Ligand code: C2E
Ligand code: CA
Ligand code: CA
């Protein structure tokens, strides 16, 4: 850039100065021509003047009389010779008789001693043309000659009457010779009159170019008039040059400034661009690279791995309890949590690995090395330990935990996008298997994903063909042990595969949105069936996905109207997940449902978060104790106390309690004593087709319990 600038400046300067030089040269040339013309003109005029003077002196009646008739030398001396003193017109005057003897010869008023000093061969040469002039021609000649005094304009004329009449025969002609020398003062005068500075005589041999040759009678150069060229071009150039240099310098400075500021603007622009690129690669909240930033970082790592034969490890981690914190305490707290987790992870993983936040509560760590698996697993363990500790968020303390997926790109052979997909899949496996753990990616997972996709397709088809059926599990009164209710449970026998557990297909239905159709199908089928069992109540499970559907309440009301089932006989079972995730929306839906008259039970209480706060807040119509809680009571007396306390709590909130998963008589007795009013479990019966419930209804107490347990 600077080079281009310099080249432009140099060529611009060169052009400007060449142009100036040309103008200067041209001006010089013009002046030279003018001077030459002036000098030539001056010489001509000089010669013409001598001719005019000559005419006055040669054609003069008095002179003719005094010379030809009286031969009055005295008169001649006075009127010719003395006139040469201080005259502007001539400085030498010689009067010659027909044979060339002088009657009078003066230079500057002084008689001349040696006549040949003035009557030189050049002067004599002029006599020839004069003598050969025809009779009627003016008998006068002029020219330039060289004398002892220098170069002079000379005029020679036949002395005659003013009328031109000759006094003697042609052979008796007398002559007057006038000379005016080009000397000192004369030349100075010419110099001034013609504005030709430094005008001076030069010898004929001079090689000065500023001169005009003075030719003798034979056209031989006898000398020259030279002048000092004024070179107006050079003078103007000399005057203009500093200005032009100034202008060029100013332009150069201006352009340099432009260049510098342009450069600055350019670098500012590229700095802005770099900042924008950096911003686009950075997550605002955490200051860590974002997904795009991770891709960029991974691309670098993978290139390095390919070059150096190293491996790239990727840890994909998802916080387990983030949603809960976000929902419970608000987004500001959630943001704080993300910030402190980010900062903690940064310290934990060190400076070298790429640590990125992929949005929400997902992070990734990528690093490179030889055989990275051991390091990756160690790092995963450390991250689990770190996030397993309670974290302070502002004034709150929360335990969040995380699930991690690990994947590797051996020698950089797996590209970034695929690596992320694999680690993500492994992370999901960690979630599915109970969170708070790490899982290595295994190609089997892809098969399972594929299998899941096939399962989804089949489930969709099964729902279309009404192949999903409903089984009913008896719920007995804790005192009478008679069937008082049933819980409707979905059943699916997949064509070509056999029965599929709801624990497999319900999550698939939930994640694909099929749950709305499935849930409604179960509800409608169960309500229709219930028409035949006027003495029984009905429980139906509802997934969070269904509950979120604004049309859900309407669907429930429709089914009730269509089947004629009284709303009070229907209990909808919900797990706490949705209430924790979306308390305000959950409350609205809950209120709407209550208006239809149906009851709401909190399912699986004691299996998860189980916050007493939620129980108070939402006022469910029933609590269902989770099987895990029921299982624990056989061996542990403290568990029984826990159970009692839980039931007491529910009762204090006016919530009757159902115990589920009751498999032994011991459990049944304990639960009965603890205050559960309904019992459900294999002890009384598994979920069975509707026909089998018909028989159970008639049986009275399903079992007999020992009086005391
Ligand atoms: P859940 O609502 O907790 O249903 C009770 C589950 O525990 C049923 O499993 C039932 O067969 C099982 N169970 C009952 N008593 C015992 C016992 O004494 N011992 C043992 N080991 N298990 C017992 P199932 O039918 O496999 O259903 C699993 C889960 O699938 C259900 O758990 C429920 O969450 C979901 N589910 C089933 N049908 C539906 C449905 O129609 N809609 C929705 N949204 N979820 C459903
Ligand atoms: Ca249930
Ligand atoms: Ca349950």
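In the working numbering, the protein residues as written are -11 to 697. Note that CB positions come from ideal geometry on N, CA and C, so glycine has one too. Quick caveat, the model's predicted, so the values are computed rather than measured.
Beyond the five residues adjoining it in sequence on each side, residue 16 comes within less than 8 Å, by CB distance, of 217, 219, 220, 221 and 222 in the same chain, given in chain order. When rounded, the separation of the alpha-carbon atoms in residue 557 and residue 448 is 30 Å. Relative to the Cα of residue 553, the nearest Cα in the group 536, 371, 523 and 529 belongs to 523. Annotation for residue 284: the continuous alpha helix (DSSP H) segment containing it runs 279 to 296. Per DSSP, the beta-bridge partners of residue 611 are 590 and 645. Setting aside the 5 residues that flank it on each side, residue 563 is surrounded in the same chain by 591 and 592, each with a C-beta closer than 6 Å to its C-beta; the list follows chain order. For ligand 2, the residues with a Cβ under 6 Å from any of its heavy atoms are, in chain order, 475, 529, 561 and 591. Residue 95 places its beta carbon less than 8 Å from that of residue 80. Under DSSP, residue 299 takes part in a beta bridge, and its partners are 357. In this structure residue 415 is buried. Its beta-carbon is surrounded by 16 or more other beta-carbon atoms within 10 angstroms.
Spatial neighbours of residue 182 in its own chain (CB-CB distance under 6 Å, excluding positions within 5 residues in sequence) are listed in chain order as 26 and 30. Ranking 46, 180 and 189 by CA distance to the CA of residue 148 puts 46 first.
Where residue 637 is concerned, the enclosing alpha helix (DSSP H) starts and stops at 625 to 640. The region 302 to 309 and the region 415 to 427 touch, with three or more beta-carbon pairs separated by less than 8 Å. Not one heavy atom of ligand 1 sits closer than 7 Å to the Cβ of residue 361. In this structure, residue 572 has its CB at a distance of at least 7 Å from all heavy atoms of ligand 1. The bridge partners DSSP lists for residue 179 come to none. With 16 or more other Cβ atoms from the protein chains shown falling within 10 Å of its own Cβ, residue 493 counts as buried. Residue 69 places its beta carbon 8 Å or farther from that of residue 133. Taken through DSSP and simplified to helix, strand or coil, residue 397 comes out as strand. Look at residue 489: its beta carbon is less than 7 Å from one of the heavy atoms in ligand 1. Taking the C-beta atoms as reference points, residue 337 is found no nearer than 8 Å to residue 360. At least one heavy atom of ligand 1 falls within 7 Å of the beta-carbon of residue 494. By DSSP's assignment, residue 130 forms a beta bridge with 143. Residue 465 carries a strand assignment under DSSP once its states are collapsed to helix, strand and coil. Note that the C-beta distance between residue 479 and residue 459 is below 8 Å. In summary, residue 135 is buried, with 16 or more beta-carbon neighbours lying within 10 Å of its beta-carbon over all protein chains present.
Taking 8 Å as the cut-off, the beta carbon of residue 652 is found no closer than this to the beta carbon of residue 612. Within 7 Å of the C-beta of residue 670 there is at least one heavy atom belonging to ligand 1. Under DSSP, residue 351 takes part in a beta bridge, and its partners are 305 and 345. With a cutoff of 7 Å, residue 659 does not count as near ligand 1, since its C-beta is closer than that to no heavy atom of the ligand. Sequence-distant Cβ neighbours of residue 334 in its own chain, meaning closer than 7 Å and more than five residues away, are 343. In this structure, residue 600 keeps its C-beta atom at 8 Å or more from the C-beta atom of residue 560.
DSSP, read as helix, strand or coil, puts residue 472 in strand.
Taken through DSSP and simplified to helix, strand or coil, residue 198 comes out as coil.
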